[in-house]
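Each remark here refers to the structure printed beneath this line.
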Amino acid sequence: MATWLVYACMPVMAAVIGYVTKRVAIEMMFRPVRFVGLREPWLGWQGVVPRNSGRMIRMSADLLTERLVDPQEVFERLDGDRIAGEIRAPLLLAVEEITRDAMDRYRPGLWDALPPLARELVLKRAQGAASQVVRRVLADLRGDIGQVLDVKQVATAALSRDKLIRLVRDISRPEMAFIARCGIYFGFLLGLVQTGVWALTRQPLVLPVFGALIGWFTDWLAIKLVFFPRHRRRFGPFAFQGVFQRRRDAVAKQYAEIVAREVMTVPNILDAVLRSERLHAIVRQAVRDTIDAQAGPFTTAISTQVKQAAADHAVRHLPHTLRHAEDYATEALDIRDTIASRIRRLSRVEYEALLRPAFRQDEWKLIAVGAVIGAVIGELQALLLLG
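Under the working numbering, residues 149 to 535 are what the sequence shown spells out, in order.
If you want it as structure tokens, here you go:
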């Protein structure tokens, strides 16, 4: 091949090496989801994020618990009167069933023996007290929310491996595109150096050596430039800052959207709250106290077993009744905007933790693979151009 054409092809091929090694590194971050090879973990590969998903899920849950979601703060936004209004229809039905059951336990056949007007009066009295129970339970929850809701457990249970992969991939898409572009730019620049060295030495070994150097250096530099410099730096007319740091507002919005939609959802939070024995104890006590208050001078005639049965009945009705308040709770808790706002207030190092663990794990392996692939392509380049 003509000498001038060899020289012209070298920086272009170097840019190709840079791009290919970056694309391979990006894919190796997420694929394959399950280990592929002969002997795990030595002879084969599993995507960095899938392989470390358990640890990364725990880290994400810790971040949500410690820095992004304060249960006390978000539950303060719930209004007892509004919740009582949202669940009014199912609450009235539940109260009717609980009242009928309690009276039959107190004296079998008593409910059916009552005149319709008496039944209506009893129901209205019980239903009027039900709203007070809702407000009291909510007030008690606010004062003891740490014993009722474990945010870390909610996040850990909801964040499956597939969701984690999608979360990391979605919020890092611009960073991955930046890494691929860096491979082209830095590869081309190193290719110019390679061309000069080749012109001086004419040694075929230059091509695979520079191929390995391009694969290694551009992988390392591209990953560093995603996060560093953390603060905006000026070099003459140019300003530099890590791509991920520069995109904080966009990342905060996207991360919060995904977490609010798939992890810290109101149904997930509600399920965790409903499984809490502390909530059951609060509801049972509120029901028993309300029965005593409504019974007045007849309270001693109502056995503990009747009160306990009514309280247990109320606990069983909780899941169905509270589901009717999910839309209001989603609006009131405002998990999405809360998380986005908290992310914007994180320190630069804390903010970096949203994505950095995905790169830190096995980073050296990704860079080493880039060097090997670069060397192989460099050798193929030597055979093609010089053979």
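Glycine included, every Cβ here is placed at the ideal spot set by N, Cα and C.
Select from the options the residue whose C-alpha is nearest the C-alpha of residue i.
{"i": "L289", "options": "W368, G518, R255 and L427", "result": "L427"}
{"i": "L312", "options": "V524, D482 and V407", "result": "V407"}
{"i": "L338", "options": "V354, Q301 and F383", "result": "V354"}
{"i": "P238", "options": "E221, L528 and R464", "result": "R464"}
{"i": "F326", "options": "F375, T469, S308 and F358", "result": "F375"}
{"i": "P322", "options": "V341, R396 and A473", "result": "R396"}
{"i": "S201", "options": "S308, Q433, P385 and Q402", "result": "S308"}
{"i": "L226", "options": "A477, F183, M161 and V316", "result": "A477"}
{"i": "R490", "options": "I371, R215, A173 and A519", "result": "R215"}
{"i": "E500", "options": "L211, F388 and V168", "result": "L211"}
{"i": "V172", "options": "I521, L532 and Q529", "result": "I521"}
{"i": "E410", "options": "A303, F183 and G294", "result": "A303"}
{"i": "V524", "options": "E479, L494, A506 and I362", "result": "I362"}
{"i": "R378", "options": "V497, D229, V217 and W193", "result": "V497"}
{"i": "A242", "options": "D419, A277 and N416", "result": "A277"}
{"i": "Q456", "options": "V435, A441 and F334", "result": "V435"}
{"i": "V299", "options": "V164, V154 and A209", "result": "A209"}
{"i": "R394", "options": "G384, M412, L373 and V414", "result": "L373"}
{"i": "I332", "options": "A162, L191 and F383", "result": "A162"}
Hey, quick one: how far does the beta strand (DSSP E) through residue i stretch, first residue to last?
{"i": "W193", "result": "L191 to W193"}
{"i": "L186", "result": "V184 to R187"}
{"i": "A537", "result": "This structure cannot speak to residue 537, because the chain is shown only from 149 to 535."}
{"i": "R381", "result": "R381 to F383"}
{"i": "A387", "result": "F386 to F388"}
Is the beta carbon of residue j closer than 9 Å to that of residue i?
{"i": "Q280", "j": "T486", "result": "no"}
{"i": "W346", "j": "M158", "result": "yes"}
{"i": "V160", "j": "F336", "result": "yes"}
{"i": "A400", "j": "R492", "result": "yes"}
{"i": "I319", "j": "L502", "result": "yes"}
{"i": "V357", "j": "G526", "result": "yes"}
{"i": "L297", "j": "V181", "result": "no"}
{"i": "I515", "j": "D292", "result": "no"}
{"i": "R199", "j": "F223", "result": "no"}
{"i": "R484", "j": "L418", "result": "no"}
So residue i packs on residue j, CB below 8 Å; how close in whole Å?
{"i": "H468", "j": "D249", "result": "With a Cβ gap of about 16 Å, H468 and D249 do not count as contacting."}
{"i": "A458", "j": "I246", "result": "5 Å"}
{"i": "G195", "j": "M177", "result": "6 Å"}
When we look at the beta-carbon of residue i and count the other beta-carbons within 10 Å, is it buried (16 or more) or exposed?
{"i": "A449", "result": "Residue confidence is low: A449 scores 47 on pLDDT, short of 50, so the model does not pin down where it sits. Its coordinate-derived value is still stated next. The residue is exposed, with fewer than 16 neighbouring Cβ atoms inside 10 Å."}
{"i": "P189", "result": "exposed"}
{"i": "K170", "result": "buried"}
{"i": "F446", "result": "Reliability fails at F446, whose pLDDT of 48 lies under 50, so the model's placement of it is uncertain and the value that follows must be treated cautiously. By the 10 Å Cβ count, F446 comes out exposed."}
{"i": "P256", "result": "exposed"}
{"i": "R350", "result": "exposed"}
{"i": "A530", "result": "buried"}
{"i": "D510", "result": "buried"}
{"i": "L536", "result": "Lying outside 149 to 535, the shown extent of the chain, residue 536 is not represented and no answer is given."}
{"i": "Q342", "result": "buried"}
{"i": "T366", "result": "buried"}
{"i": "F383", "result": "exposed"}
Quick check on residue i - is its C-beta less than 9 Å from some C-beta in chain B?
{"i": "L369", "result": "In the displayed structure, chain B is absent; only one protein chain is listed."}
Please list the terminal residues of the continuous alpha helix (DSSP H) segment that includes residue i.
{"i": "F334", "result": "R321 to T349"}
{"i": "I410", "result": "The residue asked about is misnamed: residue 410 is Glu in this sequence, not Ile. Where E410 is concerned, the enclosing alpha helix (DSSP H) stretches over R396 to E410."}
{"i": "V281", "result": "P264 to G291"}
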